[in-house]
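Residue numbers (this note's numbering), protein chains in the order written: chain A, -3 to 279; chain B, -3 to 279. Below is one structure, written out as structure tokens; comments come after it.
Laid out in structure tokens, this is it:
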């Protein structure tokens, strides 16, 4: 997805929020803001949204001297989600269509995106997504692809959301590789977060080898690129994966909530929509 | 009021919105954004909020080649407010305390601030303000000052709000000078807007001689500065007047709604609060 002009104010807001989450003092916050202004002024207009997000958060980490400003926030998200895990399992177990419910649960987890909402109400979001119609609905194609696939490559998004991903993975009853970031970026899930969510009991956890938002293949490890190339079905969670991979072939299915008005407009759906979208054929 | 770091994303948003209201094309919008980024990067941290707002909107006017981007929006605001005028007059006429109701009506009009809300529901806001408690309540001091004053200098804020100011002015039953901006800035009222609202039937309209937001005395005309110096009671509408004049003496009363979270925090009140605040003694 291209950068829209409306993203610029949002980048500045994110820079400040991230600095404060990383416990920056007033002087560091001003420095983060100055450096973000300079970066935004010089940015080439053809850069993608996750690339700029990456640069902004590198500025924050370097300026604040904190390699993982979201560490405590990520642990809190995981802890809150784990408290709901038994209830989520019951929801799926008692559902007429367990796969459909587990897909909705996993998409509900995508509300835990600290780039857009510092506060979220996870259980209320689960309730909403259980009955909300899909704004983009490739569920049938997804079901068919699942029956044909031998295993799934599952691209994680945020810490905490990992717990709700685990519920979906446990419902798939097939081998899953769960790919997490190679290092901290925003509140994206890393190995540590996937382990804290107990995903290792349900899937093989792998690293993308990259700490860029989304999945920018050229910045991923050789091993991950090979896994990605060989995967016959990819589940990609969240906006950043959609922004970086959406034109990367029909074997990829994007599961997300449209949380930002710009992405929502780009995708032609209202804010708050549930999206299960099959990727487009490669150009 | 000093500039807070949180104001920077808001300045960028305002720059883009103003450019679009002025019918800027995509290229002009990008140019506005680039110039706003450059200005924000170089700004001295001791500048006041209205000063930066002024610079941002000068960039927009110059880049878009439109000396009054908000002209049509201002006319619409005035037109909508005039449609409510008979109902507002009835509200005041039938009130147990007409002055109190007229003050609330005037503060309700302060919702028409296109820097913060491109959309607003004026009649609903009037309904809310009629029963809402004041978060800062210097109404008693205001009443006493009115009984002592011979005439009032009334500093206008936005076009459309002018109609609701007229309702208050007509309730004061004393000579009022209504001061409007000397040129277009945002949707602030100018002579044209005050006349369209019919304020000339109730007050003598004067110009501040300045097109800066708020009332920056050093940028006002010599004539206005003299009027201001001699005024025994000043009614100052809206956030920008509060930001520029709040430490300018006890004869000034600020009537506003706290619409932005930063101003609200600075004033120690929740967003959406009604404020009638007496100015502080000069330092």
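Virtual Cβ for every residue (Gly too), placed ideally from N, Cα, C.
Selected residue, minimal CA-CA separation from residue i, among the options
| i | options | result |
| --- | --- | --- |
| residue 42 (chain A) | A:-1, A:66, A:20, A:50 | A:-1 |
| residue 173 (chain A) | A:200, A:76, A:195 | A:200 |
| residue 252 (chain B) | B:192, B:235, B:40 | B:235 |
| residue 51 (chain B) | B:273, B:138, B:8 | B:8 |
| residue 6 (chain A) | A:19, A:23, A:33, A:18 | A:33 |
| residue 46 (chain B) | B:153, B:157, B:193 | B:153 |
| residue 178 (chain A) | A:146, A:198, A:216 | A:216 |
| residue 111 (chain A) | A:164, A:64, A:256 | A:256 |
| residue 4 (chain B) | B:65, B:23, B:258, B:18 | B:258 |
| residue 66 (chain B) | B:103, B:128, B:15 | B:15 |
| residue 223 (chain A) | A:273, A:148, A:98 | A:148 |
| residue 192 (chain A) | A:76, A:61, A:53 | A:76 |
| residue 210 (chain A) | A:180, A:146, A:276, A:165 | A:180 |
| residue 102 (chain A) | A:59, A:13, A:58, A:167 | A:167 |
| residue 48 (chain B) | B:87, B:81, B:195, B:208 | B:208 |
| residue 64 (chain B) | B:131, B:274, B:186 | B:186 |
| residue 60 (chain A) | A:39, A:117, A:73, A:17 | A:17 |
| residue 83 (chain A) | A:25, A:160, A:145 | A:160 |
| residue 197 (chain A) | A:91, A:162, A:203 | A:162 |
| residue 270 (chain B) | B:129, B:122, B:74, B:119 | B:129 |
| residue 226 (chain A) | A:247, A:169, A:243 | A:247 |
| residue 218 (chain A) | A:230, A:188, A:205, A:97 | A:205 |
| residue 175 (chain A) | A:27, A:232, A:132, A:23 | A:232 |
| residue 171 (chain A) | A:145, A:262, A:260 | A:145 |
| residue 245 (chain A) | A:183, A:24, A:141, A:37 | A:141 |
| residue 131 (chain B) | B:1, B:2, B:254 | B:254 |
| residue 109 (chain A) | A:54, A:237, A:242, A:194 | A:237 |
| residue 38 (chain A) | B:26, B:39, B:44 | B:26 |
| residue 133 (chain B) | B:263, B:13, B:120, B:214 | B:263 |
| residue 104 (chain A) | A:127, A:93, A:228 | A:127 |
| residue 116 (chain A) | A:156, A:94, A:81 | A:156 |
| residue 272 (chain B) | B:1, B:23, B:139 | B:139 |
| residue 122 (chain B) | B:137, B:114, B:100 | B:100 |
For residue i, the three-state DSSP class (helix, strand or coil)
| i | result |
| --- | --- |
| residue 274 (chain B) | strand |
| residue 20 (chain A) | coil |
| residue 211 (chain A) | coil |
| residue 255 (chain B) | coil |
| residue 2 (chain B) | coil |
| residue 28 (chain A) | helix |
| residue 14 (chain B) | helix |
| residue 267 (chain B) | coil |
| residue 190 (chain A) | helix |
| residue 236 (chain B) | helix |
| residue 243 (chain A) | coil |
| residue 40 (chain B) | coil |
For residue i: DSSP bridge partner residues
| i | result |
| --- | --- |
| residue 174 (chain A) | A:150, A:201 |
| residue 184 (chain A) | A:154 |
| residue 248 (chain B) | B:230 |
Whole alpha helix (DSSP H) runs in the segment 122 to 166 of chain A with 4 or more residues, listed along the chain? Fully contained in the segment 122 to 166 of chain A are the following alpha helix (DSSP H) runs of length 4 or more, in chain order: 135 to 144.
Please identify, using Cβ separations under 7 Å, the residues of the segment 33 to 66 of chain B that lie next to chain A, in order along the chain. From the segment 33 to 66 of chain B, only 33, 34, 36, 37 have a Cβ closer than 7 Å to chain A.
Pull out every residue of the segment 141 to 175 of chain A whose Cβ sits closer than 8 Å to any Cβ of chain B, in chain order. The residues in question: there are none.
Using a Cβ-Cβ cutoff of 7 Å, what residues of the segment 210 to 241 of chain A are near chain B? List them in chain order. Contacts with chain B (Cβ-Cβ distance below 7 Å) from the segment 210 to 241 of chain A involve no residue at all.
In the segment 43 to 119 of chain B, which residue ranges form an unbroken alpha helix (DSSP H) of at least 4 residues, counting only runs that do not cross its ends? Runs of the alpha helix (DSSP H) lying entirely within the segment 43 to 119 of chain B and spanning at least 4 residues, in chain order: 45 to 60, 67 to 89, 94 to 105.
Could you list the residues in the segment 9 to 36 of chain A with a C-beta less than 7 Å from some C-beta on chain B, going in chain order? Correct list: 9, 12, 25, 26, 29, 30, 33, 34, 36.
Chain B contacts made by the segment 93 to 121 of chain A, where a contact means CB separation under 8 Å: The segment 93 to 121 of chain A vs chain B, Cβ under 8 Å: nothing.
With 8 Å as the limit, tell me which residues of the segment 246 to 265 of chain B have their beta carbon closer than that to any beta carbon of chain A; keep them in chain order. Listed by position, the residues of the segment 246 to 265 of chain B near chain A (Cβ gap below 8 Å) amount to none.
Name the residues in the segment 75 to 92 of chain A whose C-beta lies less than 9 Å from a C-beta of chain B; which are they? Cβ contacts with chain B: none found.
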